[in-house]
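The sequence shown begins at 1 in the UniProt record's numbering and counts up by one.
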Amino acid sequence: MRVRAGGSGLPLGDVRREARGVARASVRLDSPTVQHLLNAFVREHGVVAAWEDVMMPTLHAVGRKWQSSGDRYVEVEHLLSWHVSTALRSAPLLRPCPEPPPEAAPVLLACLPDEQHTLPLEALDAALRERGTATRMLGGAVPAEALTAAVRRTGPGAVVLWSQTRSTADSPLARRLADTRWGVRGARRGPVVLVAGPGWGHRALPGLPRPRELAEALTMLSRTGTGTAHARRSGEH
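Structure (structure tokens):
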């Protein structure tokens with residue numbers, strides 16, 4: 001149920017009732033209630049609905065309030081972000097999730113060097129794991145050399161690179177990773193590289209799929225067969 005949210009002091013607009021509850025608890029810095037509400041929504045509705053209908057609207061509202069309040073509400077943003085991350089990482093414990101096939105090539109997720117905004121990538125990781133997709137999450141600000149090494153070591157079927165701001169988007173690095181190959185001679189392969197996040201701007205990057213939202217990223221990755229029994233490694237790296 002969507003309602004005009006009020007009472008939290010945050011500019012939420014037309015949101016679900018659960019988002020209003022999370023906003024009110026966040027403003028009170030009521031950690032137990034924030035975590036309980038987020039966990040309950042993930043358990044009942046799943047990661048995608050939790051991210052799109054509760055987590056993102058509340059996070060955006062806190063961010064807008066912080067920008068218009070002269071550095072106030074920073075503590076609210078930090079508390080809410082912590083509990084959103086906790087709920088996302090706990091998703092496999094909150095809902096039954098199928099186990100990925102042991103031979104499946106994983107999806108490798110990483111923020112580009114100097115990029116610290118991890119929550120959207122954590123949401124994608126949780127949604128993939130909820131579907132039984134094998135993942136390897138590297139988190140924020142992964143150096144270029146470490147990214148290249150991780151691709152060679154894990155043999156991923158796909159790599160998702162997150163950039164929140166233009167200063168962290170690195171097209172040459174994304175293309176270099178897409179050109180990485182491994183496996184035995186005659187059966188070498190490389191990953192599909194998805195570039196995600198507002199830092200990539202509106203420019204087209206041929207050969208690098210660019211999902212605009214969580215559901216679109218899931219659809220793109222499902223089409224590659226990544227993380228399933230059909231995405232097998234071609235050999236040792």
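Virtual Cβ for every residue (Gly too), placed ideally from N, Cα, C. All figures in this text were calculated on a predicted structure; none of them were measured in a lab.
- For Q164, the number of other beta carbons within 10 angstroms of its own is at least 16, and it is reported as buried.
- Counting along the chain, G21 sits inside the alpha helix (DSSP H) bounded by residues 17–27.
- In the DSSP assignment, the residues bridged to T135 are V107.
- Under DSSP, A196 forms a beta bridge with W162.
- In terms of CA proximity to M55, E122 leads the group V195, L128, T226, E122.
- Within the model, the alpha-carbon separation for P57 versus G183 is close to 43 Å.
- The three-state reading of DSSP puts R95 in coil, since its state is none of H, G, I, E or B.
- Cβ-Cβ distances below 7 Å link P100 to G132, T133, A134, G227 in the same chain, with the five nearest sequence neighbours on each side left out; the list follows chain order.
- It is roughly 34 Å from the alpha-carbon of T154 to the alpha-carbon of E77.
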